[in-house]
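Asker: First the structure, which I've put down as C-alpha cells, then a few questions once you've had a look.
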Amino acid sequence: MKSRPHNGRPSLPEKERQSIIRHTRYNAAEDSVLLANVSKAGLKNVSEYIRQVSLNPNIVPRLSETEVAIARKLSGMSNNFNQLLRLCHQRGLDAMSREVEYYLGKFRELFAKFNND
Numbered sequence: 031m032k033s034r035p036h037n038g039r040p041s042l043p044e045k046e047r048q049s050i051i052r053h054t055r056y057n058a059a060e061d062s063v064l065l066a067n068v069s070k071a072g073l074k075n076v077s078e079y080i081r082q083v084s085l086n087p088n089i090v091p092r093l094s095e096t097e098v099a100i101a102r103k104l105s106g107m108s109n110n111f112n113q114l115l116r117l118c119h120q121r122g123l124d125a126m127s128r129e130v131e132y133y134l135g136k137f138r139e140l141f142a143k144f145n146n147d
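Taken in order, the sequence shown gives residues 31 to 147; the numbers are from the working numbering.
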C-alpha cells in the first residue's frame, strides 16, 4: 500500500505540543481589561498572553504611540546633533554655539515630555 505524501505544516514533537486546556471565566469588565492588556503587550491572542503571564509574569508592554513618536523625534534629533558635533570639531565650538544651544533646548523639551508621560 502506498503512503501518501504529507503536505502542510510538520507536526510538533510530543513535548512541544500544547494539548492541555484550562478554562477560565471572566465577567465583562475583567474581559475588557484582559483584552486591553493583550493589545498593550502586543501579543497575538489572549491564550498567548495568559500563557506568558502565568509562566513569566514580567511582561514589558510595548511603547504607546506617543512614546514611539517621541522616540522617533529623539532619534532624528540625535542624528542632527551628531552631525552638529562633527561640525563643531571641524570649525570650532565658538562658530557653532548658537546651533548647539538650539538643539540642547529641543532635547530638554523632549526629555521633559518623555519624563512627564
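Beta carbons are placed, not taken as given, at the ideal position from N, Cα and C, and that holds for glycine.
What you are looking at is a predicted structure, and each value in this text was computed from that prediction instead of being measured.
Look at the alpha carbon of Tyr132 and the alpha carbon of Lys70, and state the distance between them as a whole number of angstroms.
Answerer: The sequence position of residue 132 within the sequence shown is 102, counting from 1. The sequence position of residue 70 within the sequence shown is 40, counting from 1. Straight-line Cα distance between these residues: approximately 35 angstroms.
Asker: What residue range does the alpha helix (DSSP H) around His119 cover?
Answerer: Your numbering for residue 119 matches position 89 in the sequence shown. Taken as a continuous stretch (DSSP letters only), the alpha helix (DSSP H) holding His119 covers Glu95 to Arg121.
Asker: For the segment 57 to 71 and the segment 90 to 102, state whether three or more C-beta atom pairs, one from each stretch, are separated by less than 8 angstroms.
Answerer: Touching, yes, given that three or more Cβ pairs across the two stretches are closer than 8 angstroms.
Asker: Indicate the three-state DSSP secondary structure (helix, strand or coil) for Ile50 in the structure shown.
Answerer: Here the question's residue 50 lines up with position 20 in the sequence shown. DSSP places Ile50 in coil when its eight states are reduced to three.
Asker: For Ser33, which of helix, strand or coil comes out of DSSP?
Answerer: Counting from 1 along the sequence shown, the entry for residue 33 is found at position 3. Three-state DSSP puts Ser33 in coil, outside helix and strand.
Asker: If we call anything under 8 angstroms between Cβ atoms a contact, is Leu114 one with Glu129?
Answerer: Position 84 of the sequence shown, counted from the start, is the residue given in the question as residue 114. Position 99 of the sequence shown, counted from the start, is the residue given in the question as residue 129. It is a contact, given that the beta carbons lie within the stated cut-off.
Asker: Quick check on the DSSP output: the alpha helix (DSSP H) that includes Tyr56 runs from which residue to which?
Answerer: Numbered from its first residue, the sequence shown carries residue 56 at position 26. Neither: Tyr56 is in no alpha helix (DSSP H) and is coded neither H nor E.
Asker: What do you get for Tyr56, buried or exposed, if any count of 16 or more other CB atoms within 10 angstroms of its CB means buried?
Answerer: Translated into the one-based positions of the sequence shown, residue 56 becomes position 26. Counting Cβ neighbours within 10 Å, Tyr56 comes out exposed, since fewer than 16 surround it.
Asker: Would the segment 96 to 113 count as touching the segment 133 to 145 if we require 3 or more Cβ pairs under 8 angstroms?
Answerer: The answer is yes - the segment 133 to 145 touches the segment 96 to 113, with three or more Cβ pairs under 8 angstroms.
Asker: Should Leu73 go down as buried or exposed, given a rule of 16 or more other Cβ atoms within 10 Å for buried?
Answerer: Position 43 of the sequence shown, counting from 1, holds the residue named residue 73. With 16 or more other Cβ atoms within 10 Å, it is buried.
Asker: Taking the alpha-carbon positions, what's the Arg34 to Pro43 distance?
Answerer: Translated into positions along the sequence shown, residue 34 becomes position 4. Translated into positions along the sequence shown, residue 43 becomes position 13. If you take the alpha carbons of Arg34 and Pro43, they lie about 21 angstroms apart.
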